[in-house]
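In this note's numbering, the protein residues as written are 113 to 671.
Structure representation (structure tokens):
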């Protein structure tokens with residue numbers, strides 16, 4: 113099993129190396145003709161995009177690959193498999209993967225998918241398969257070859273290989289039928305005929321992905337009973353993931369249908385400006401801030417008919433959804449800082465345990481205090497065990513008992529890790545120090561997220577052993593991340609996310625390769641150390657028994 117795992121990893125390494133160091137012209141994509149039009153997810157890996165970005169880092173790439181090969185390729189057969197893979201697969205074209213989710217009364221819920229790999233040499237591909245398993249039984253079907261063994265279900269012709277991701281390994285006939293349908297898919301039935309996919313899918317990025325929400329709602333039977341299907345019909349998203357110098361960058365665009373677009377435009381969400389966190393003291397290590405128009409949410413619930421289930425309950429409390437919409441502005445802002453690890457006495461047994469702690473504040477701007485009081489009074493009257501009266505205001509009982517800070521006034525509802533933080537914020541004694549770029553990135557957005565990985569990792573104390581080594585390595589590798597969603601523009605929503613690394617002069621794929629290589633070294637080092645310690649602690653035979661036992665006369669020791 114270990115040898116087999118090493119073989120797979122070695123083959124993967126060689127495939128990646130071919131993707132990076134091969135140079136060629138981009139060819140027309142043909143693989144999408146074998147992807148069903150109703151696929152839920154489509155993902156593509158573009159080897160040429162990797163090559164274009166990393167051709168100047170050939171030395172680092174070769175070093176990583178050679179190091180990996182030396183560790184993993186411990187037999188001539190494994191190396192031979194890698195060479196066959198290089199000759200079999202055509203990395204001048206993208207590798208595609210798709211998932212299709214469906215739900216029907218006859219068949220129930222099902223998820224299927226496949227990986228579509230372009231071939232350079234059909235015979236070399238067969239040789240590659242047989243090198244991994246000489247006992248493979250290959251049959252010739254109409255228009256493609258087929259094999260099934262263990263968890264491999266694959267079909268291929270001279271151009272592509274299709275590997276089923278969730279084949280029914282016990283039913284060879286069903287697997288052949290699934291592959292036949294993909295090989296013989298009419299273009300009108302494939303995603304190649306979908307204008308939405310063709311216009312939005314960016315095949316030139318390192319990794320590209322496409323989702324079709326129309327197919328996912330059927331997997332949730334409760335939603336399928338409502339008009340939710342109208343809101344997700346023809347809604348789709350397309351995005352990219354790129355490895356750049358010092359960062360991994362993701363971009364996403366979502367295209368709502370006309371029904372959902374109309375509901376959103378009638379009650380647009382307010383744009384963020386960062387003011388809700390202006391009085392937070394110091395520089396946060398984590399920020400979450402998003403805006404939602406509660407009237408927009410209510411209109412969506414009304415359209416789905418869910419309000420008919422909610423309103424009877426609210427009416428018993430003399431409330432309505434409009435009361436909730438009137439009470440709050442629709443923003444939720446959260447900031448956290450001073451992340452630390454503290455030693456605390458366990459409440460369950462006589463020992464101290466490490467517990468992560470941090471200062472935090474949650475701010476929910478209030479639009480109408482009278483509407484808020486009406487809601488709380490109704491809830492308090494229905495079950496006064498949920499709230500306690502503290503300093504003239506209703507405070508959730510769990511918060512009052514925990515020692516957290518809580519305040520509601522005409523401006524906002526505040527929940528914090530301590531009352532002193534509440535007082536500092538409310539009296540404007542503090543002023544936020546925005547992380548670099550955060551103040552600019554948060555303004556005009558409808559959602560924003562930030563995490564300071566460097567400070568968080570630095571706060572974790574060194575305890576020795578592999579854990580400390582991993583934390584130190586991670587600290588030297590990762591810096592921070594942020595993400596945001598933009599306001600509706602035209603007929604689409606856009607957003608992006610970024611993971612920033614410490615080394616800004618090196619492509620992030622190389623940095624991650626070195627990171628995982630070092631993790632493997634730590635794993636091997638401490639595994640060997642543990643084995644050595646175990647051997648030292650294991651009593652020898654001489655310590656426990658007298659092994660100087662005479663040989664029985666009936667045994668001839670000369671043989």
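Beta carbons are placed, not taken as given, at the ideal position from N, Cα and C, and that holds for glycine.
Consult DSSP for residue 304 and reduce its assignment to one of helix, strand or coil. Counting from one through the chain shown, the residue named residue 304 turns up at place 192. Note: residue 304 maps to helix in three-state DSSP.
In whole angstroms, what separates the C-alpha of residue 511 from that of residue 389? For this step, residue 511 is matched to residue 399 along the chain shown. For this step, residue 389 is matched to residue 277 along the chain shown. Straight-line Cα distance between these residues: approximately 21 Å.
Using DSSP with H/G/I as helix, E/B as strand and the rest coil, what is residue 295? Counting from one through the chain shown, the residue named residue 295 turns up at place 183. Looking at residue 295 - three-state DSSP - the assignment turns out to be helix.
Assess, as a yes-or-no matter, whether the segment 384 to 404 is touched by the segment 558 to 568 under the definition of 3 or more beta carbon pairs within less than 8 Å. yes
Where residue 575 falls: helix, strand or coil (DSSP): On the chain shown, position 463 is the one that residue 575 refers to. Here residue 575 sits in coil by DSSP.
Under 8 Å between the Cβ atoms of residue 544 and residue 322? Position 432 of the chain shown, counted from the start, is the residue given in the question as residue 544. Position 210 of the chain shown, counted from the start, is the residue given in the question as residue 322. Not in contact: residue 544 and residue 322 (Cβ atoms no closer than 8 Å).
How would you label residue 460, buried or exposed, when you count the other beta carbons within 10 angstroms and need 16 or more for buried? Walking along the chain shown from the start, residue 460 turns up at place 348. Answer is exposed; the Cβ neighbour count stays below 16.
Residue 273, DSSP secondary structure in three states: If you number the chain shown from 1, residue 273 lands on position 161. In this structure, residue 273 counts as strand in the three-state DSSP scheme.
What are the boundary residues of the alpha helix (DSSP H) that residue 535 is part of? Your numbering for residue 535 matches position 423 in the chain shown. Residue 535 -> alpha helix (DSSP H) spans 531 to 538.
Should the segment 266 to 273 be regarded as contacting the segment 224 to 241, the criterion being three or more beta carbon pairs within less than 8 Å? yes
So who's on the other strand from residue 164, going by DSSP bridges? Position 52 of the chain shown, counting from 1, holds the residue named residue 164. Note: residue 164 sits in no beta bridge, so no partner.
Consult DSSP for residue 256 and reduce its assignment to one of helix, strand or coil. On the chain shown, residue 256 is found 144 positions in, with the first residue counted as 1. The answer is strand: DSSP assigns residue 256 an E or B state.
How should residue 288 be labelled, buried or exposed, when 16 other C-beta atoms within 10 angstroms of its C-beta is the threshold for buried? Residue mapping note: residue 288 aligns to position 176 of the chain shown, counting from 1. Classification of residue 288: buried, given that the 10 Å Cβ count is 16 or more.
Using the three-state DSSP reduction, which class does residue 411 fall into: helix, strand or coil? On the chain shown, position 299 is the one that residue 411 refers to. Residue state, collapsed to three classes: helix.
Excluding the five sequence neighbours on either side, which residues of its own chain have a C-beta within less than 7 Å of the C-beta of residue 137, listed in chain order? The sequence position of residue 137 within the chain shown is 25, counting from 1. Model confidence at residue 137 stands at a pLDDT of 35, short of 50, so the residue's coordinates are unreliable; what they give is reported in the following sentence. Cβ neighbours of residue 137 beyond the five flanking positions: none.
At which residues does the beta strand (DSSP E) containing residue 361 begin and terminate? Locating residue 361 in the chain shown gives position 249, where the first residue counts as 1. Element bounds for residue 361: 359 to 367.
Buried versus exposed, by CB contacts within 10 Å (16 or more), residue 425: By one-based count along the chain shown, residue 425 stands at place 313. Flag for residue 425 reads exposed.
When DSSP builds the beta bridges, which residues end up paired with residue 618? For the purposes of this step, residue 618 is taken as the residue at position 506 of the chain shown. In DSSP, residue 618 forms no bridge with anything.
With distances taken Cα to Cα, identify the nearest neighbour of residue 487 among 439, 451, 472, 478. Position 375 of the chain shown, counted from the start, is the residue given in the question as residue 487. Checking every option, the nearest Cα to that of residue 487 belongs to 439.
For residue 597, which of 366, 165, 343 has the nearest alpha-carbon? What you label residue 597 is simply residue 485 of the chain shown in a count that begins at 1. Nearest C-alpha to residue 597: 366.
How should residue 249 be labelled, buried or exposed, when 16 other C-beta atoms within 10 angstroms of its C-beta is the threshold for buried? If you number the chain shown from 1, residue 249 lands on position 137. Its Cβ having fewer than 16 others within 10 Å, residue 249 is exposed.
By the 10 Å Cβ neighbour count, where 16 or more other Cβ atoms means buried, how is residue 603 classified, buried or exposed? Within the chain shown, residue 603 is the residue found at index 491, counting from 1. Exposed.
What does the alpha-carbon distance come out to for the pair residue 541 and residue 605? To locate residue 541, count along the chain shown from 1; it is residue 429. To locate residue 605, count along the chain shown from 1; it is residue 493. So the two alpha carbons sit approximately 37 Å from each other.
DSSP on residue 230, reduced to helix/strand/coil? Counting from one through the chain shown, the residue named residue 230 turns up at place 118. DSSP places residue 230 in strand when its eight states are reduced to three.
Could you tell me which of 246, 237, 205, 356 sits nearest to residue 169, measuring between CA atoms? Start at 1 with the first residue of the chain shown, and residue 169 comes out as number 57. Minimum Cα distance to residue 169 is reached at 356.
If you run the structure through DSSP and keep just helix, strand and coil, what is residue 505? On the chain shown, position 393 is the one that residue 505 refers to. Reduced to three states, the DSSP call for residue 505 is strand.
Where do the N-terminal and C-terminal ends of the beta strand (DSSP E) with residue 468 fall, by residue? Reading the chain shown from its first residue, position 356 is the one you call residue 468. Where residue 468 is concerned, the enclosing beta strand (DSSP E) stretches over 464 to 477.
Measure the CB-CB distance between residue 57 and residue 236 and report whether it falls below 8 Å. Nothing can be reported for residue 57, as the shown portion of the chain is limited to 113 through 671.
Quick check: the segment 150 to 159 against the segment 311 to 326, are there 3 or more CB pairs under 8 Å? yes
What residue range is occupied by the uninterrupted beta strand (DSSP E) comprising residue 315? On the chain shown, residue 315 is found 203 positions in, with the first residue counted as 1. Residue 315 -> no beta strand (DSSP E), and no H or E assigned at all.
Under 8 Å, do residue 592 and residue 636 count as touching if we go by C-beta distance? Indexing the chain shown from 1 puts residue 592 at position 480. Indexing the chain shown from 1 puts residue 636 at position 524. No, Cβ-Cβ distance for residue 592 and residue 636 is not below 8 Å.
Take the Cβ of residue 285 as the centre, count every other Cβ of all protein chains shown within 10 Å, and call the residue buried at 16 or more, exposed below. For this step, residue 285 is matched to residue 173 along the chain shown. With fewer than 16 Cβ atoms within 10 Å of its Cβ, residue 285 is classed as exposed.
Would you report the Cα separation of residue 437 and residue 428, rounded to the nearest angstrom? Counting from 1 along the chain shown, the entry for residue 437 is found at position 325. Counting from 1 along the chain shown, the entry for residue 428 is found at position 316. Residue 437 and residue 428: Cα-Cα distance of roughly 18 Å.
Option in 402, 528, 412, 569 with minimal Cα separation from residue 441: The residue you call residue 441 lines up with position 329 of the chain shown. Considering only alpha carbons, the answer is 402.
Between the CA atoms of residue 548 and residue 575 - distance to the nearest angstrom: Here residue 575 corresponds to residue number 463 of the chain shown, with the count starting at 1. Here residue 548 corresponds to residue number 436 of the chain shown, with the count starting at 1. Whole-angstrom Cα-Cα distance: 31 Å.
How many Å lie between residue 534 and residue 452 at the Cα? One-based indexing of the chain shown puts residue 534 at position 422. One-based indexing of the chain shown puts residue 452 at position 340. Taking the straight line from one Cα to the other gives about 20 Å.
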